[in-house]
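Participant:
In UniProt numbering, the protein residues as written are 1 to 441.
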């Protein structure tokens, strides 16, 4: 069943109410009238998906915390690591355009999501069998392809539940649970490396256990909530073939932020090459970064529902401090502090940035919108990662200039997008999110 076709009568009723002059309910924080119990059922769905993300991140974030040293051990250099990471992120975002459109057109949200999770959970343990950095690189990229496959339909399903709770708060809860997994995964990996004396193959193989738990969890979620679209009532934003102007401005700003944000494997490579952090401590620092990201997701998600995109502008400015601390700083103290700023930025990217997209489009086009948004975002990330890798081998201060410069350039665009939203609200005299008004397209 296609989500865009699930409740035409409800949307028609919504239009009739609006045309009659009755006061409408604010979009953020509105409770959905659903067959499953409204906000309570929505929260249960968010928590169930959050648990699955917790275990999934245990697996792939645990592996990502040691990819830099592992690729170095297999013979890769900084450029190869950066290209693998960047190209993996590129596919991990670019292919979302296809999976998002496919989900909206076919209505196969759960099957596409499950297929992506299976690919991710299989690719990571297979890294234990890699005997060259090229083979490992292919598996790393396949894991990202799995995430690309499942991300847009999953976010679309989450958005149905998020509407009754507040988009920022709901996405923040989900991302916080996600980041808890990203915290425990690297710690689990660090413990295995310590016990097994840096046996990377054994460590990757052991990640098969939580991978199996994750796949069982997503199967249960599918059985309990076969139609998550029922968690959302009527939407004031009507489905249309066009996307609003504010969406494109916001996309440009987010792409600049992504292009200026380094991948952790490159940071880990720098820590190891300079001796700032030991092999065993690098996963711990990554775990600390994920803890910062998770805590930030909860706090910032709630604040986002109140302050909107202006909060994103401020957090982008703060997170940009990671670059000089990581790439110009020496010693473990600056490395840890810089990684915490990087973790803060990661939390913003994974919670606030996607939360802001959801109310911009109608329910039947959210997977496509997320796919388009993250596809362009991913291209920018890939290009930025490649440039960072090239600059890394030539002049380290150039990495900082490039990273900080792009993120600072995004801030005026974010502020402008926020102003457009405020003007659109003022023109309608409501607190709704009227992004699809004809004057704004």
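Ideal placement from N, C-alpha and C gives every residue a C-beta, glycine not left out.
Alpha helix (DSSP H) containing residue 76: first to last residue?
Facilitator: The residue given as residue 76 occupies position 76 in the chain shown. First-last for residue 76: undefined, no H or E at that position.
Participant: If you reduce the DSSP assignment to three classes, tell me which class residue 423 lands in.
Facilitator: Taking the first residue of the chain shown as position 1, residue 423 is located at position 423. Residue state, collapsed to three classes: helix.
Participant: Measure the alpha-carbon distance for residue 280 versus residue 400 and round it to whole angstroms.
Facilitator: Counting from one through the chain shown, the residue named residue 280 turns up at place 280. Counting from one through the chain shown, the residue named residue 400 turns up at place 400. Near 26 Å, if we compare the C-alpha coordinates of residue 400 and residue 280.
Participant: Can you name the start and end residues of the alpha helix (DSSP H) that residue 164 belongs to?
Facilitator: Locating residue 164 in the chain shown gives position 164, counting from the first residue. Where residue 164 is concerned, there is no enclosing alpha helix (DSSP H), given that its DSSP letter is neither H nor E.
Participant: Assign residue 422 to buried or exposed, taking buried as 16 or more other Cβ atoms, counted over all protein chains shown, within 10 Å of its Cβ.
Facilitator: As a position in the chain shown, residue 422 is number 422, starting the count at 1. Exposed, by the Cβ-count rule.
Participant: Mapping DSSP to helix, strand and coil, what is residue 352?
Facilitator: Within the chain shown, residue 352 is the residue found at index 352, counting from 1. Residue 352: helix per DSSP, three-state reduction.
Participant: Check this for me: beta carbons of residue 262 and residue 63, under 8 Å apart or not?
Facilitator: Against the chain shown, residue 262 aligns to sequence position 262. Against the chain shown, residue 63 aligns to sequence position 63. Taking 8 Å as the Cβ cut-off, residue 262 and residue 63 do not qualify as a contacting pair.
Participant: Only counting runs of 4 or more residues, tell me where the alpha helix (DSSP H) segments fall wholly within the region 76-148, in order along the chain.
Facilitator: 78-94, 96-106, 109-126
Participant: Roughly how many angstroms separate the alpha carbons of residue 231 and residue 337, rounded to a whole number?
Facilitator: On the chain shown, residue 231 is found 231 positions in, with the first residue counted as 1. On the chain shown, residue 337 is found 337 positions in, with the first residue counted as 1. Cα-Cα distance, rounded: 41 Å.
Participant: Comparing C-alpha positions only, which one of 408, 409, 327, 180 sits nearest to residue 296?
Facilitator: Taking the first residue of the chain shown as position 1, residue 296 is located at position 296. Considering only alpha carbons, the answer is 180.
Participant: Kindly indicate which three-state DSSP category residue 61 falls into: helix, strand or coil?
Facilitator: Sequence index remark: in the chain shown, residue 61 carries index 61 (1-based). It is helical.
Participant: Output the distance between the C-alpha atoms of residue 343 and residue 387, rounded to the nearest integer angstrom.
Facilitator: Counted from its first residue, the chain shown places residue 343 at position 343. Counted from its first residue, the chain shown places residue 387 at position 387. The straight-line gap from Cα to Cα measures roughly 21 Å.
Participant: Would you give the residue range spanned by the alpha helix (DSSP H) that residue 66 belongs to?
Facilitator: Stepping through the chain shown from its first residue, residue 66 is reached at position 66. Unbroken run through residue 66: none, as it is neither H nor E.
Participant: Alpha carbons only, please: which of 257, 202, 218 is nearest the one belonging to residue 317?
Facilitator: For the purposes of this step, residue 317 is taken as residue 317 along the chain shown, with counting starting at 1. Ranking the options by Cα distance to residue 317, first place goes to 257.
Participant: Can you tell me the Cβ-Cβ gap for residue 251 and residue 373, rounded? I've got them flagged as a contact below 8 Å.
Facilitator: Here the question's residue 251 lines up with position 251 in the chain shown. Here the question's residue 373 lines up with position 373 in the chain shown. Contact flag correct, Cβ pair sits at about 6 Å.
Participant: Give me, in chain order, the residues of the same chain whose beta-carbon lies closer than 6 Å to that of residue 50; leave out the 5 immediate sequence neighbours on both sides.
Facilitator: Residue mapping note: residue 50 aligns to position 50 of the chain shown, counting from 1. For residue 50, where only same-chain residues beyond five positions count, the Cβ hits under 6 Å are 174, 177.
Participant: Closest to residue 124 by C-alpha separation, out of 194, 83, 108, 202, would be which residue?
Facilitator: Residue mapping note: residue 124 aligns to position 124 of the chain shown, counting from 1. The residue from 194, 83, 108, 202 with its alpha-carbon nearest to that of residue 124 is 202.
Participant: What does the alpha-carbon distance come out to for the pair residue 53 and residue 153?
Facilitator: Translated into the one-based positions of the chain shown, residue 53 becomes position 53. Translated into the one-based positions of the chain shown, residue 153 becomes position 153. So the two alpha carbons sit approximately 14 Å from each other.
Participant: Here's a check: name, in chain order, each residue in its chain whose Cβ is nearer than 7 Å to the Cβ of residue 206, leaving out the five neighbours to either side.
Facilitator: Counted from its first residue, the chain shown places residue 206 at position 206. Only 192 meet the Cβ criterion.
Participant: Would residue 166 and residue 367 qualify as a contact pair, given that the criterion is a beta-carbon distance under 8 Å?
Facilitator: What you label residue 166 is simply residue 166 of the chain shown in a count that begins at 1. What you label residue 367 is simply residue 367 of the chain shown in a count that begins at 1. Their beta carbons are not under 8 Å apart, which means residue 166 does not touch residue 367 by this criterion.
Participant: Can you give me the Cβ contacts of residue 228 inside the same chain, cut-off strictly under 7 Å, excluding the 5 residues immediately before and after it?
Facilitator: In the chain shown, counting from the first residue as 1, residue 228 sits at position 228. Spatial neighbours of residue 228 in its own chain (CB-CB distance under 7 Å, excluding positions within 5 residues in sequence) are listed in chain order as 45, 157, 160, 161.
Participant: Expressed to the nearest angstrom, what Euclidean distance is found between the alpha-carbon atoms of residue 104 and residue 413?
Facilitator: Residue 104 sits at position 104 when you count from the first residue of the chain shown. Residue 413 sits at position 413 when you count from the first residue of the chain shown. Taking the straight line from one Cα to the other gives about 29 Å.
Participant: Using a Cβ-Cβ cutoff of less than 7 Å, which residues in the same chain neighbour residue 321 once the five nearest sequence positions on both sides are dropped?
Facilitator: Here the question's residue 321 lines up with position 321 in the chain shown. Same-chain partners within the cutoff: 341.
Participant: Got a sec? Which residues, its chain only, sit under 6 Å from residue 294 by beta carbon, not counting five neighbours each side?
Facilitator: Mapped onto the chain shown, residue 294 falls at position 294. Counting only Cβ-Cβ distances below 6 Å, and skipping sequence neighbours, we find 176, 179, 180.
Participant: If we count Cβ pairs, one from each stretch, closer than 8 Å, do we get three or more for the region 132-145 versus the region 324-335?
Facilitator: no
Participant: Which residue marks the beginning of the alpha helix (DSSP H) containing residue 518, and which one marks its end?
Facilitator: In the structure as shown, the chain starts at 1 and stops at 441, and residue 518 therefore has no counterpart that could be examined.
Participant: Measuring straight from C-alpha to C-alpha, what distance separates residue 313 and residue 195?
Facilitator: Taking the chain shown and counting its residues from 1, one reaches residue 313 at position 313. Taking the chain shown and counting its residues from 1, one reaches residue 195 at position 195. So the alpha carbons of these two residues sit roughly 43 Å apart.
Participant: Taking the runs of the alpha helix (DSSP H) that are 4 residues or longer, which of them lie wholly in the region 286-325?
Facilitator: Counting only runs of at least 4 residues, the region 286-325 fully encloses the following alpha helix (DSSP H) elements, listed from N- to C-terminal order: 309-319.
Participant: With a 10 Å radius around its C-beta and 16 neighbouring C-beta atoms as the bar for buried, classify residue 492 as buried or exposed.
Facilitator: The requested residue 492 does not occur in the structure, where the chain is confined to residues 1 to 441.
Participant: So, for residue 271: in the same chain, excluding its five sequence neighbours on each side, which residues have a beta-carbon less than 7 Å away from its beta-carbon?
Facilitator: Numbered from its first residue, the chain shown carries residue 271 at position 271. Contacts found: 277, 282, 335.
Participant: Let me know if residue 211 comes out buried or exposed under the rule of 16 or more other beta-carbons within 10 Å of its beta-carbon.
Facilitator: Position 211 of the chain shown, counting from 1, holds the residue named residue 211. Answer is buried; the Cβ neighbour count reaches 16.
Participant: Taking residue 222 as part of the alpha helix (DSSP H), name the residues at either end of that continuous run.
Facilitator: In the chain shown, the residue the question calls residue 222 occupies position 222. From DSSP, the alpha helix (DSSP H) with residue 222 extends over 208-224.
Participant: What would DSSP say about residue 24, mapped onto helix, strand or coil?
Facilitator: Along the chain shown, one-based indexing puts residue 24 at 24. Low local confidence applies: a pLDDT of 35 at residue 24 is under 50, so the model's placement there is unreliable, with the coordinate-based value given in what follows. When secondary structure is reduced to three states using DSSP, residue 24 falls in the coil class, being assigned neither helix nor strand.
Participant: Taking all protein chains shown into account, do 16 or more other C-beta atoms lie within 10 angstroms of the C-beta of residue 75, making it buried, or fewer, making it exposed?
Facilitator: Sequence index remark: in the chain shown, residue 75 carries index 75 (1-based). It is exposed - the Cβ of residue 75 has fewer than 16 other Cβ atoms within 10 Å.
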